[in-house]
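These notes are about the structure you will find just below.
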Amino acid sequence: MAKGVKNLIKIGKEPVVILPLKEYKKFLAWQLETEYIDKIVEEGLEEERKGKTESLEIFLKREFPDLYEKYKKN
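Taking our numbering, the leading residue of the sequence shown gets 317, the next gets one more, and so forth.
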């Protein structure tokens with residue numbers, strides 16, 4: 317076992333990490349959030365490949381015309 321490493325035990329050939337339940341739950345929440353974000357990005361890229369997206373400029377003109385006029389590029 318590595319020096320200074322706590323909560324690490326070896327079962328068979330692979331090391332195993334022991335975490336307090338609170339840390340495990342935080343890690344799990346982070347992991348699920350990361351997977352969710354990855355899925356959203358994948359879906360967005362697929363929609364773009366299929367031509368189902370629009371430019372930010374068109375979106376802003378339609379949904380927020382005042383904001384678009386205020387910040388549009390000259």
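The C-beta atom is built at its ideal place from N, Cα and C for all residues, glycine as well. All values reported here derive from a predicted model rather than from experimental measurement.
- Item | Presumed contact (8 angstroms Cβ cut-off) between K377 and Y387, rounded CB distance | Locating residue 377 in the sequence shown gives position 61, counting from the first residue. Locating residue 387 in the sequence shown gives position 71, counting from the first residue. The Cβ separation is near 12 angstroms, so there is no contact.
- Task: Alpha carbon to alpha carbon, how far is Q347 from F380? Give it in angstroms, no decimals.
- Result: In the sequence shown, the residue the question calls residue 380 occupies position 64. In the sequence shown, the residue the question calls residue 347 occupies position 31. F380 and Q347: Cα-Cα distance of roughly 35 angstroms.
- Query: Per DSSP, what kind of secondary structure is V332 in: helix, strand or coil?
  - Reply: Here residue 332 corresponds to residue number 16 of the sequence shown, with the count starting at 1. Looking at V332 - three-state DSSP - the assignment turns out to be strand.
- Give the straight-line distance between the Cα atoms of K355 and E363, rounded to the nearest whole angstrom. Residue 355 sits at position 39 when you count from the first residue of the sequence shown. Residue 363 sits at position 47 when you count from the first residue of the sequence shown. Distance between the alpha carbons of K355 and E363: 12 angstroms.
- Task: For K366, name the three-state secondary structure that DSSP assigns.
- Result: Walking along the sequence shown from the start, residue 366 turns up at place 50. Coil, per DSSP.
- Message: Could you compute how far the alpha carbon of V357 sits from the alpha carbon of A345?
- Response: Here residue 357 refers to the residue found at position 41 when the sequence shown is read from its first residue. Here residue 345 refers to the residue found at position 29 when the sequence shown is read from its first residue. Each residue's Cα considered, the two are about 18 angstroms apart.
- Query: Going along the chain, which residues of its own chain have a beta-carbon closer than 8 angstroms to the beta-carbon of M317, five neighbours each way excluded?
  - Reply: As a working note, residue 317 is residue 1 in the sequence shown. In this predicted model, M317 has a pLDDT of only 47, less than 50, meaning its place in the structure is not dependable enough to derive any value.
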